[in-house]
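J.: Take a look at this one; I'll ask things after.
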Amino acid sequence: MTFETLSARAARLAAAPYVGPTEDLPTALAALDYDGYRAITFRPAESLRLGDTFSAQLFHRGFLQRKRVALYLQPRSGPARPVAYESRLFNLGTRLAGQTFTPDLGFAGFRLHHAFPDTPAWRPKGFQEEFLVFLGASYFRLRAANQEYGLSARGLAIGTGSAEGEEFPDFVAHWICEPEPGARSLTVLSLLDGPSVAGAYRFVITPGDAARIAVTAELHPRRSIAKLGLAPLTSMFLYGENGPGARDAKPFDDFRPQVHDSDGLCVAAGGDPAGIDRVWRPLVNGRGQPQVSAFAARPLAGFGLLQRERDFSAYLDVEARQEARPGLWVAPDPAGGAFAEGAVQLYEIPSAEEYMDNIVAAFVPAAPAQPGSPLRLAYGLTTVGAEPVAAIPESALARVTATRFGAAERLRPMKPPDPRRRLCVIDFAGPSLPQGPDDAVAAAVSASAGTMHEPVANFVPQTGGWRIYVEWRPPQPMAPGDVVLRAQLVRGATPLSETWDAVV
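Residues are numbered in the numbering used here as their position in the sequence shown, beginning at 1, plus a constant of 693.
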């Protein structure tokens, strides 16, 4: 199997009526609850060895993972070999002890492991660490060494936020390619299928710190798709240092100061390093209904859902370790045209549940996808930890590190606070900022409604960063819907920071 033959296969699939993947399960597997399914574990001794430093383990079907995914091993030469299901590959747990299932059961997905060069000495010889999971619809999760799993990437998003509802196409088959001896990367070919589209994907995966995936895809629509989300990212935001974020949203009664896998969306535009502009949108929860925001960027240099708060004290969650969750940065191939016209769209869904992924970011082309017109795209995915990082363009721009809102009457506070006066406090950090007071540094601010008053840019000696204070006075009466506030550190006409772009 090659990417070219897989693309031809996807084209033939799209020309035929859609047939969904098999979901029939033996009664014992269909009846499993969450704990029963989690008790099924793959036996590490049965791992599929892939070259010198890679291996794969498999996921059993059952509970919510009902769909059958075909898995193949592609040697460096010769035909692909199907991976056959055998019950002995798994420890089935106490509820299924002694049971066996037929070879046609198949698998739900797989995960990849790698022998990292800096594996601790206390690990057994030859230990390989898990770093990538393909499981459920077209979802996959990637992490760098020493990170925890957090947000997910997807092959495709269709109709996210639309009145018609979202469609979730599936990766119905994967070909795991045997790497060359000593190779640092591994290739996976994946076939995607859904009611509206079929597609071929090539993932060239390079683990490490950072971990990277080079994605190439060819999509064949079965029908017109008005809202096609390319390179989609899915995450969770419950609340952060700015609270849930939505106007009048109720706070969460939780001992943890913050709960989220990502705290903002970053979008970068610009054709050359001197012309790059970056926008940071802090995430919001607590609205009465889902919200869609669009960020036009021509040309698009990249976008990502990031976890900028990296301090344990901001979360205090020993088990979740949200300070170690990765961000993911999407970098379109400048030679391709799939990301040329359109906008990065952010979907924020109200949620009171920590286990619910309520944030989606994707690039949505301006023109609908049409049957008979294949869409070819290429982009890179890179894990992001502490910033600045080389993957995000224009490292000279300082980044937003915190967003806080509060009452503006601090000396004589009103009870309750006067809703007509709100103080915005934005913290910035970056190696290019002056490391001391500098009268030439100023705050450029604006509001889509209401007025901004007395913006001040101050050096913060306690952190070595800079802070903007500005008061926002809402319009009277206050109209429904979001108001967008913007702020940026500047020296004259020269930007020193990315643009803070927050909603209130």
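Virtual Cβ for every residue (Gly too), placed ideally from N, Cα, C.
With distances taken Cα to Cα, identify the nearest neighbour of A1150 among A907, A1180, L782 and G1123.
T.: In the sequence shown, residue 1150 corresponds to position 457, counting from 1. For A1150, the nearest C-alpha among the options comes from A1180.
J.: Ordered along the chain, which non-local residues of its own chain (more than five positions away) have a Cβ less than 6 Å from that of P950?
T.: Mapped onto the sequence shown, residue 950 falls at position 257. Cβ neighbours of P950 beyond the five flanking positions: A1007.
J.: Near F833, what residues of its chain come up, given a Cβ to Cβ distance below 6 Å and the 5 sequence neighbours on each side ignored?
T.: Along the sequence shown, one-based indexing puts residue 833 at 140. The answer, listed in chain order, is F827 and A846.
J.: In or out: G791 buried (at least 16 other Cβ within 10 Å) or exposed?
T.: As a position in the sequence shown, residue 791 is number 98, starting the count at 1. Result: exposed.
J.: Straight-line CA distance for S1141 to P975?
T.: One-based indexing of the sequence shown puts residue 1141 at position 448. One-based indexing of the sequence shown puts residue 975 at position 282. Going by the C-alpha atoms only, they are around 16 Å apart.
J.: Figure out for me which residue from F696, H806, Q1155 and S1125 has the closest Cα to the Cα of L835.
T.: Walking along the sequence shown from the start, residue 835 turns up at place 142. When each option's Cα is compared against that of L835, the closest is H806.
J.: Is the separation between the beta-carbon of A703 and that of A907 shorter than 7 Å?
T.: Locating residue 703 in the sequence shown gives position 10, counting from the first residue. Locating residue 907 in the sequence shown gives position 214, counting from the first residue. Not closer than 7 Å, so no.
J.: For T715, report the span of its alpha helix (DSSP H) as first-last.
T.: In the sequence shown, counting from the first residue as 1, residue 715 sits at position 22. From DSSP, T715 is part of no alpha helix (DSSP H); its letter is neither H nor E.
J.: Between which two residues does the alpha helix (DSSP H) harbouring G729 extend?
T.: Your numbering for residue 729 matches position 36 in the sequence shown. First-last of the alpha helix (DSSP H) with G729: Y727 to R731.
J.: Can you give me the C-alpha to C-alpha distance between A924 and G848, rounded to a whole angstrom?
T.: Here residue 924 refers to the residue found at position 231 when the sequence shown is read from its first residue. Here residue 848 refers to the residue found at position 155 when the sequence shown is read from its first residue. If you take the alpha carbons of A924 and G848, they lie about 7 Å apart.
J.: Helix, strand or coil for L1070 per DSSP?
T.: Working through the sequence shown from its first residue, we reach residue 1070 at position 377. Three-state result, L1070: strand.
J.: Can you tell me which of the three DSSP states D797 falls into?
T.: As a working note, residue 797 is residue 104 in the sequence shown. Of the three classes helix, strand and coil, the one that applies to D797 here is helix, per DSSP.
J.: By DSSP, does L1126 sit in helix, in strand, or in coil?
T.: For the purposes of this step, residue 1126 is taken as the residue at position 433 of the sequence shown. Residue state, collapsed to three classes: coil.
J.: Quick one: give me the first and last residue of the alpha helix (DSSP H) that E697 is part of.
T.: As a position in the sequence shown, residue 697 is number 4, starting the count at 1. From DSSP, the alpha helix (DSSP H) with E697 extends over F696 to A707.
J.: From P1081, R1014 and E871, pick the residue whose C-alpha is nearest to that of D745; which is it?
T.: The count along the sequence shown starts at 1 and reaches residue 745 at position 52. Ranking the options by Cα distance to D745, first place goes to E871.
J.: Locate the beta strand (DSSP E) running through T880, then write down its first and last residues.
T.: Along the sequence shown, read from residue 1 onward, the residue named residue 880 stands at position 187. Here the beta strand (DSSP E) through T880 covers L879 to D886.
J.: Take H1146 and list the residues in its own chain whose beta-carbon comes closer than 6 Å to its own, dropping the five residues that flank it on each side.
T.: Along the sequence shown, one-based indexing puts residue 1146 at 453. Contacts found: E1164.
J.: Figure out for me which residue from D1111, W973, T715 and A904 has the closest Cα to the Cα of L1021.
T.: Here residue 1021 refers to the residue found at position 328 of the sequence shown. If we check each option's Cα against that of L1021, A904 comes out closest.
J.: Would you kindly check if the distance between the Cβ of S883 and the Cβ of H867 is under 7 Å?
T.: Against the sequence shown, residue 867 aligns to sequence position 174. Against the sequence shown, residue 883 aligns to sequence position 190. It is a contact, given that the beta carbons lie within the stated cut-off.
J.: How is P812 classed by DSSP in three states: helix, strand or coil?
T.: Taking the sequence shown and counting its residues from 1, one reaches residue 812 at position 119. The question names Pro, but residue 812 in the sequence shown is Thr. If DSSP states are grouped into helix, strand and coil, T812 belongs with coil.
J.: Quick one: what does DSSP say S1006 is sitting in, helix, strand or coil?
T.: Stepping through the sequence shown from its first residue, residue 1006 is reached at position 313. It is helical.
J.: At which residue ranges does the region 1006 to 1064 contain complete beta strand (DSSP E) runs of 3 or more residues, listed in the order of the chain?
T.: Complete beta strand (DSSP E) runs here, min 3: 1020 to 1025, 1035 to 1041 and 1052 to 1058.
J.: For the alpha helix (DSSP H) containing A721, name the first residue and the last one.
T.: On the sequence shown, residue 721 is found 28 positions in, with the first residue counted as 1. First-last of the alpha helix (DSSP H) with A721: T720 to A723.
J.: Using C-beta distances below 8 Å, list every residue in its chain close to T695, excluding the 5 sequence neighbours before and after it, in chain order.
T.: In the sequence shown, the residue the question calls residue 695 occupies position 2. Taken in chain order, the residues that qualify are L882.
J.: Looking only at its chain, what residues have a beta carbon closer than 8 Å to the beta carbon of D797, apart from the 5 residues adjacent to it on each side?
T.: The residue you call residue 797 lines up with position 104 of the sequence shown. Around D797: Y778.
J.: Alpha carbon to alpha carbon, how far is R1160 from P1203? Give it in angstroms, no decimals.
T.: This structure does not reach residue 1203, given that the chain is present from 694 up to 1197, and the question cannot be answered.
J.: Is the number of C-beta pairs between the region 1037 to 1057 and the region 973 to 989 that are closer than 8 Å three or more?
T.: The region 1037 to 1057 vs the region 973 to 989: in contact.
J.: Following the continuous beta strand (DSSP E) through P975, name the residue where it begins and the one where it ends.
T.: Here the question's residue 975 lines up with position 282 in the sequence shown. Looking at the DSSP string, the run of the beta strand (DSSP E) that includes P975 is D970 to P975.
J.: Mind checking whether V776 and L764 have CB atoms under 7 Å apart?
T.: One-based indexing of the sequence shown puts residue 776 at position 83. One-based indexing of the sequence shown puts residue 764 at position 71. Taking 7 Å as the Cβ cut-off, V776 and L764 qualify as a contacting pair.
J.: Could you check the C-alpha separation between T720 and A801 for me, to the nearest Å?
T.: Counted from its first residue, the sequence shown places residue 720 at position 27. Counted from its first residue, the sequence shown places residue 801 at position 108. Each residue's alpha carbon lies about 16 Å from the other.
J.: Can you tell me the Cα-Cα spacing of E1046 and V960, whole angstroms?
T.: Counted from its first residue, the sequence shown places residue 1046 at position 353. Counted from its first residue, the sequence shown places residue 960 at position 267. C-alpha separation (whole angstroms): 27 Å.
J.: Look at the Cβ atom of G1193, then the Cβ atom of I1119, and state whether they are nearer than 7 Å.
T.: Within the sequence shown, residue 1193 is the residue found at index 500, counting from 1. Within the sequence shown, residue 1119 is the residue found at index 426, counting from 1. The amino acid occupying residue 1193 in the given sequence is Trp; Gly does not appear at that position. It is a contact, given that the beta carbons lie within the stated cut-off.
J.: Leaving out five residues before and five after R1115 in sequence, what residues of the same chain have Cβ atoms less than 8 Å from its Cβ?
T.: As a working mapping, residue 1115 is identified with position 422 in the sequence shown. Here the set comprises F1098, G1099, A1100, A1101, E1164, W1165, R1166, P1167 and V1197.
J.: Taking C-beta to C-beta, are A814 and D902 nearer than 7 Å?
T.: Counted from its first residue, the sequence shown places residue 814 at position 121. Counted from its first residue, the sequence shown places residue 902 at position 209. Not closer than 7 Å, so no.
J.: Mind checking whether S917 and P1061 have CB atoms under 7 Å apart?
T.: Reading the sequence shown from its first residue, position 224 is the one you call residue 917. Reading the sequence shown from its first residue, position 368 is the one you call residue 1061. Yes, they are a contact pair.
J.: Note down the Cα distance separating R742 from R816, rounded to an integer number of angstroms.
T.: Mapped onto the sequence shown, residue 742 falls at position 49. Mapped onto the sequence shown, residue 816 falls at position 123. Spanning the two alpha carbons is a distance of roughly 18 Å.
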